[in-house]
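K.L.:
Going line by line, the protein sequences match chains D and F. Numbering-wise, this note's numbering puts 38 at position 38 of the first sequence, and it's gapless, one number per residue. Numbering-wise, this note's numbering puts 112 at position 31 of the second sequence, and it's gapless, one number per residue. Using N, Cα and C, we set each Cβ at its ideal position, and we do this for glycine too. Note that the coordinates shown come from a computational prediction; the quantities given were computed from them, not determined experimentally. Below you will find the structure I want to go over with you.
Number of protein chains: 2
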Amino acid sequence: MKARVFVSPKSTVLDPQGQTVRSALNGLGYHSIAEVRQGKYFDIAIAEGVTREQAQKDVETIAHEVLANPVIEEYRVELVD
Amino acid sequence: MKARVFVSPKSTVLDPQGQTVRSALNGLGYHSIAEVRQGKYFDIAIAEGVTREQAQKDVETIAHEVLANPVIEEYRVELVD
Chain D
1 MKARVFVSPK
11 STVLDPQGQT
21 VRSALNGLGY
31 HSIAEVRQGK
41 YFDIAIAEGV
51 TREQAQKDVE
61 TIAHEVLANP
71 VIEEYRVELV
81 D
Chain F
82 MKARVFVSPK
92 STVLDPQGQT
102 VRSALNGLGY
112 HSIAEVRQGK
122 YFDIAIAEGV
132 TREQAQKDVE
142 TIAHEVLANP
152 VIEEYRVELV
162 D
């Protein structure tokens, strides 16, 4: 089983990395780009023999406790078979 | 219109960041985690008045030339309305 966790800055939080990418792209001549926000994701392989429920629970906990900083970031968990 | 670009290390390339996350998670007691690979993604807002074809072309070019390093990374482009 595989899980994917997406982590991005909350929409109310400034994203200086994304702003830098946008202004670099505009500077390179890509004027069709209005906004860029950057996030990260984690492709997680779950060990054999773990139930779907357990995997969901573990990955949710990991996303909340380790991979994201819930003060400034939001995350989304997807389970893939 | 929105586009999303996912960039991850090629599967043949070592991903030390992902390996570090996996070993940290295992160390914290999450033994159900077999492997972690880390990637990044970009949420891109396209300016009004750009056609879907033009946006697709621009974002493909940007992904290839700027956002990813095609020598060691692979990328995937999604257009979202």
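#1: So, using beta-carbon positions, are F84(F) and I125(F) closer together than 8 Å?
#2: In three-state terms, what does DSSP make of S23(D)?
#3: Any C-beta of chain F sitting closer than 8 Å to the C-beta of S32(D)?
#4: Could you check whether the Cβ of L160(F) sits closer than 8 Å to any Cβ belonging to chain D?
#5: Taking only runs of the alpha helix (DSSP H) that begin and end inside the stretch 47 to 77 of chain D, which ones reach a length of at least 4 residues, in chain order?
#6: Nearest by alpha-carbon distance to Q38(D): which of F123(F), E134(F), D96(F) is it?
#7: Please classify G99(F): does DSSP put it in a helix, a strand, or coil?
#8: Could one say the Cβ of K133(F) lies closer than 8 Å to chain D's Cβ atoms, at least one of them?
#9: What number of angstroms, rounded off, separates the C-alpha of V50(D) from the C-alpha of E159(F)?
#10: Give the interface partners of G39(D) over in chain F, defined as CB-CB distance under 9 Å, in chain order.
P.N.:
Working from what's here:
#1: Here the question's residue 84(F) lines up with position 3 in the second sequence. Here the question's residue 125(F) lines up with position 44 in the second sequence. What sits at residue 84(F) in the sequence shown is Ala, not Phe. Against a cut-off of 8 Å, the Cβ pair of I125(F) and A84(F) comes out as a contact.
#2: By one-based count along the first sequence, residue 23(D) stands at place 23. Helix at S23(D).
#3: Locating residue 32(D) in the first sequence gives position 32, where the first residue counts as 1. So, interface residue.
#4: Position 79 of the second sequence holds residue 160(F). Not closer than 8 Å to any Cβ of chain D, the Cβ of L160(F) fails to qualify, so no.
#5: 52 to 62
#6: Here residue 38(D) refers to the residue found at position 38 when the first sequence is read from its first residue. Taking only the C-alpha atoms, the option nearest Q38(D) is F123(F).
#7: The sequence position of residue 99(F) within the second sequence is 18, counting from 1. DSSP places G99(F) in helix when its eight states are reduced to three.
#8: Numbered from 1 along the second sequence, position 52 holds the residue referred to as residue 133(F). A quick correction: the sequence has Arg, not Lys, at residue 133(F). No - not a single Cβ of chain D is within 8 Å of the one on R133(F).
#9: By one-based count along the first sequence, residue 50(D) stands at place 50. By one-based count along the second sequence, residue 159(F) stands at place 78. One C-alpha to the other measures close to 31 Å.
#10: Here residue 39(D) refers to the residue found at position 39 when the first sequence is read from its first residue. What G39(D) touches in chain F: K121, Y122, F123, D124.
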